[in-house]
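Quick notes on the structure that follows.
There are 2 protein chains.
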Amino acid sequence: MPPELLLAIEALQTLPGMGRRSAMRIAFDFIRKGVNPTKNFCNALTALVEHVCACEHCGAYKTQGQPCSFCDNPKRETKSLCIVENPSDIFAVENTGEFRGLYHVLGGVLSPLDGMGPEELKIPQLKARAQELQIEEVIVAANPSVEGNATGHYIAEMLKPLGIKVTRIATGLALGQALDYAETQAISQSLRLRVTL
Amino acid sequence: MPPELLLAIEALQTLPGMGRRSAMRIAFDFIRKGVNPTKNFCNALTALVEHVCACEHCGAYKTQGQPCSFCDNPKRETKSLCIVENPSDIFAVENTGEFRGLYHVLGGVLSPLDGMGPEELKIPQLKARAQELQIEEVIVAANPSVEGNATGHYIAEMLKPLGIKVTRIATGLALGQALDYAETQAISQSLRLRVTL
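Quick mapping for you: the protein sequence lines, in order, are chains G and X.
Every number in the numbering used here is 4 more than the matching position in the first sequence, counting from 1.
Every number in the numbering used here is 4 more than the matching position in the second sequence, counting from 1.
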């Protein structure tokens, strides 16, 4: 096998969910397509990583130098804040059409054994932001895991003294199922059935 | 969704076997990895399409300017020639370890309705090459499809008058299953049980 082919297959195998056979199929497909389509493909990926960044306020993905489609959008309702682990989770929540408020990306969940405490996540910023924006309800949409639930309770304890209602999306999702891979209907139901913490 | 993210997801969705959710997962993974790992990934793909080409004799993938690992390899047995549809099929046959001869990539199979006649494939070159190399046996390892079988019979009719034995790999493979996705053992058996045409 030519070394360039071996290296390309190895690079493709680093992608999430990509086995060796799929990686080989895709490598062969690139050879068949040739130089220009492959360069266009690479340009799309390069533009992605060079121009997409996290909003400094909410953590949602945005184009560098452009307004945030949530924070800077006058059509969004500003009294509720949805907490997610990762920016990609926002698309899963948005697809339901059930939530019109603002977002706050934590960057993970509390996990003391992995060294993830409140300071490692955007939890201090959450408190400051919830006060500054005079948020009335915080919806915790962390993944339905032990750590996600613990994170929800931590946030509830932190914000309830400030008079903020803290809710948790209903676990219409199976425990351990990742939010950004769940069915839109299940996420939709879990938003409607959210419970006060 | 930032336009760069949308374009990257669309580019990823053009890869074979890639659905929208997998494409989104991979796009988010690239953002998380950042600029340098993404550039390394793109460099591997660019090197692949810029430096890997088909051998002008057998059609196998090789590095441009380098010798062919089959045609220019003195350890290969030179009396038998294995015919495959695509260069990627060669890896599937090589994995079995059952064949030590040379290869000939057709570039497809005969399919008159799709305008694929012998001249559109490397069939004239096959005849010339089999004579020049004084091949004793040609093994047709086209995919087990109606067109693959018809192509085998066409090649048999062409080469038998020249005193060349033409065989077809046994259909230990299910009809319609693609060669480069089959289990190595099934390909192995189909090489051992090949039948004379």
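The beta-carbon is built from N, C-alpha and C at its ideal position, and this holds for glycine as well.
Would residue i pass as an interface residue toward chain X - the criterion being a Cβ-Cβ separation below 8 Å?
i        : result
Leu52/G  : yes
Cys75/G  : no
Val113/G : no
Ile191/G : no
Met5/G   : yes
Ser149/G : no
His55/G  : yes
Cys46/G  : yes
Ala15/G  : yes
Phe95/G  : yes
Asp118/G : no
Ile35/G  : yes
Tyr158/G : no
Tyr185/G : yes
Identify the residues that DSSP records as bridge partners of residue i: which are they?
i        : result
Ala58/X  : Tyr65/X
Ser84/X  : Glu141/X
Lys169/X : Glu141/X
Tyr107/X : Cys86/X
Val199/X : Arg172/X
Ser115/X : Met120/X
Does any residue of chain G bring its CB to less than 8 Å from the CB of residue i?
i        : result
Glu60/X  : no
Glu8/X   : yes
Pro128/X : no
Leu11/X  : yes
Gly21/X  : yes
Arg29/X  : yes
Ser26/X  : yes
Gly63/X  : no
Pro32/X  : Reading the sequence as shown, one finds Phe at residue 32/X and not Pro. Answer yes: the Cβ-Cβ gap between Phe32/X and chain G drops below 8 Å somewhere.
Leu85/X  : no
Leu177/X : no
Lys43/X  : yes
Leu49/X  : yes
Thr67/X  : yes
Contact check, residue i vs residue j under 8 Å by CB: the rounded distance?
i        : j        : result
Ala48/X  : Ala15/G  : 4 Å
Val53/X  : Val39/G  : 5 Å
Ala64/G  : Ile191/G : At roughly 17 Å, the Cβ-Cβ gap does not stay under 8 Å, so Ala64/G and Ile191/G are not in contact.
Cys46/G  : His61/G  : Not really, about 31 Å apart at Cβ, beyond 8 Å.
Thr100/G : Thr188/G : 6 Å
Gln17/G  : Arg25/G  : So it is not a contact: roughly 10 Å between Cβ atoms.
- Query: Quick one: any contact between the stretch 90 to 102 of chain X and the stretch 27 to 46 of chain G, if contact means 3 or more CB pairs under 8 Å?
  - Reply: yes
- Item | the stretch 97 to 108 of chain G contacting the stretch 70 to 84 of chain G, beta-carbon criterion three pairs below 8 Å | Enough Cβ pairs lie closer than 8 Å, so yes.
- Item | Contact the stretch 131 to 140 of chain X vs the stretch 155 to 170 of chain X: 3+ CB pairs below 8 Å | yes
- Query: Using 8 Å as the threshold, is the stretch 169 to 188 of chain X in touch with the stretch 142 to 154 of chain X, meaning 3 or more CB pairs across them?
  - Reply: yes
- Are the stretch 189 to 198 of chain X and the stretch 106 to 120 of chain X in contact at 8 Å, needing three or more beta carbon pairs? With the cut-off at 8 Å, the stretch 189 to 198 of chain X and the stretch 106 to 120 of chain X do not touch.
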